[in-house]
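These protein sequence lines map, in sequence, to chains Z and L.
Sequential numbering from 6 applies to the first sequence in the numbering used here.
Sequential numbering from 6 applies to the second sequence in the numbering used here.
Just so it is clear, CB atoms sit at the ideal spot from N, CA and C, and this is done for glycine as well.
Keep in mind that this is a model prediction, so the values were computed, not measured.
Number of protein chains: 2
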Amino acid sequence: MKTMHKEHTLTKNQQIIFDLIDKSPEPMKAYSILFNVQKKGIKAPLQVYRALDKLVEIGKIHKIESRNAFIACQNSSCQVAKATAFSICEMCEKVTEISSAGLSKYLTNFKDKEGMKYSKYNLEFFGLCKKCRT
Amino acid sequence: MKTMHKEHTLTKNQQIIFDLIDKSPEPMKAYSILFNVQKKGIKAPLQVYRALDKLVEIGKIHKIESRNAFIACQNSSCQVAKATAFSICEMCEKVTEISSAGLSKYLTNFKDKEGMKYSKYNLEFFGLCKKCRT
DNA sequence: TACATAGTGTTATATTATAACAATTTAAAT
DNA sequence: ATTTAAATTGTTATAATATAACACTATGTA
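Okay, here's the thing in structure tokens:
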């Protein structure tokens, strides 16, 4: 078997939208995506949101909740985990996905006061990126 | 000195909106807040959003980003920290603020690949609450 | 083939949030 | 007490984000 993950063959709309997000250096907002794919025949918000929903579901992209924006996954394990962490620069809005085994181990093993553990989480760190700090 | 924190005396609108959120057993959405305070003379979305912005800024409430909803702070240290963590039940939408010294210590000491540390973060855990698990 | 599931295209609308501007209140500093 | 700056308010309008509903089409699989 080549892989453990189901191969999600993307549909036309999903592929168009994924390609756009994937080559963007920064998170993209839904209506900016819409504007950019109109020449490819995707004309309505719902077409964009449906593709975004699916891409998020299968882990190809993530939503940056505090920014209502979408970024391509940098980390193959997200296809199964739904456990995400990002650093966000409050000056230039640069977003970087964090893939730290230590962090994810700590968070998946974290127990709340009732002893409950969580395999799904989203963590957003805020600060100034290297460039903006200098 | 009684306290280290500046006392933010809330204005009328801020107090009305804080009281409403504080006595709500669940996170409240902006337009639900608006509906509930109209009898008190707050008539426009902007009046609500302005109060919400201020209350978030001074740490009296927090925004649950994945739900676009607001919850009163359960944890006095938020007035200074802006470092928040929540558990969210995906079934009943119950939200609980997590205050764990261990977790906050781990996260504020966490270093990314470039050695960068972050004092501001927001973490949302997802799962099923005690009630919904049974 | 036939059936179920997922995806599409479309119109309309719901929900969340901010812009701009004039007036008023508050805090603090003379 | 008076002046001044900063914050808050009230208001109208509008921007930005997201979903409902419905008819139709494509795809995978039994």
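Chain L residues whose Cβ lies nearer than 7 Å to that of residue i
{"i": "Z:Asn80", "result": "Here the premise fails: no neighbours, minimum Cβ distance about 12 Å."}
{"i": "Z:Phe115", "result": "Leu108"}
Exposure of residue i, with buried meaning 16 or more beta-carbon neighbours within 10 Å
{"i": "L:Glu95", "result": "exposed"}
{"i": "L:Gln79", "result": "exposed"}
{"i": "Z:Gly46", "result": "exposed"}
{"i": "Z:Cys134", "result": "buried"}
{"i": "Z:Ile22", "result": "buried"}
{"i": "Z:Phe40", "result": "exposed"}
{"i": "L:Lys44", "result": "exposed"}
{"i": "Z:Leu51", "result": "exposed"}
{"i": "L:Ser109", "result": "buried"}
Residue closest to residue i, alpha-carbon to alpha-carbon, out of the options
{"i": "Z:Leu128", "options": "Z:Ile76, Z:Ser71, Z:Leu15, Z:Glu119", "result": "Z:Ser71"}
{"i": "L:Ser29", "options": "L:Thr101, L:Tyr126, L:Gly132", "result": "L:Thr101"}
{"i": "Z:Ile69", "options": "Z:Lys87, Z:Thr113, Z:Ile21", "result": "Z:Lys87"}
{"i": "L:Phe115", "options": "Z:Ala106, Z:Glu119, Z:Gly64", "result": "Z:Ala106"}
{"i": "L:Ile76", "options": "L:Ser37, L:Leu51, L:Gln52", "result": "L:Ser37"}
{"i": "L:Asp117", "options": "Z:Glu98, Z:Gly132, Z:Asp27", "result": "Z:Gly132"}
{"i": "Z:Glu62", "options": "Z:Ser104, Z:Ile26, Z:Leu108, Z:His13", "result": "Z:His13"}
{"i": "L:Leu15", "options": "L:Cys97, L:Gly64, L:Leu51", "result": "L:Gly64"}
{"i": "L:Gly120", "options": "Z:Thr113, Z:Glu119, Z:Ile103, Z:Met121", "result": "Z:Ile103"}
Residue i vs residue j beta-carbon contact at 8 Å
{"i": "L:Ala74", "j": "L:Met33", "result": "yes"}
{"i": "L:Tyr111", "j": "Z:Phe130", "result": "no"}
{"i": "L:Ser92", "j": "Z:Tyr54", "result": "no"}
{"i": "Z:Lys99", "j": "Z:Glu31", "result": "yes"}
{"i": "L:Lys48", "j": "L:Gln19", "result": "no"}
Closer than 9 Å at the beta carbon, the chain Z residues around residue i
{"i": "L:Lys136", "result": "Residues of chain Z passing the Cβ test: none, with the nearest at roughly 11 Å."}
Interface partners of residue i on chain L, CB under 9 Å
{"i": "Z:Asn127", "result": "Glu70, Ser71, Asn127, Leu128, Glu129, Phe130, Phe131"}
{"i": "Z:Met121", "result": "Ser92, Phe130, Gly132, Leu133, Cys134, Lys135, Arg138"}
{"i": "Z:Ile103", "result": "Phe115, Asp117, Lys118"}
Within chain L, the residues that residue i reaches when beta carbons sit closer than 8 Å
{"i": "Z:Tyr111", "result": "Tyr111"}
I'd like the ranges of any alpha helix (DSSP H) spanning at least 4 consecutive residues and lying wholly in the region 66-135 of chain Z. 83-86, 106-114
*Entirely enclosed beta strand (DSSP E) segments - the region 7-44 of chain L, minimum 3 residues*: Annotation: the region 7-44 of chain L contains no complete segment of the beta strand (DSSP E) (minimum length 3 residues).
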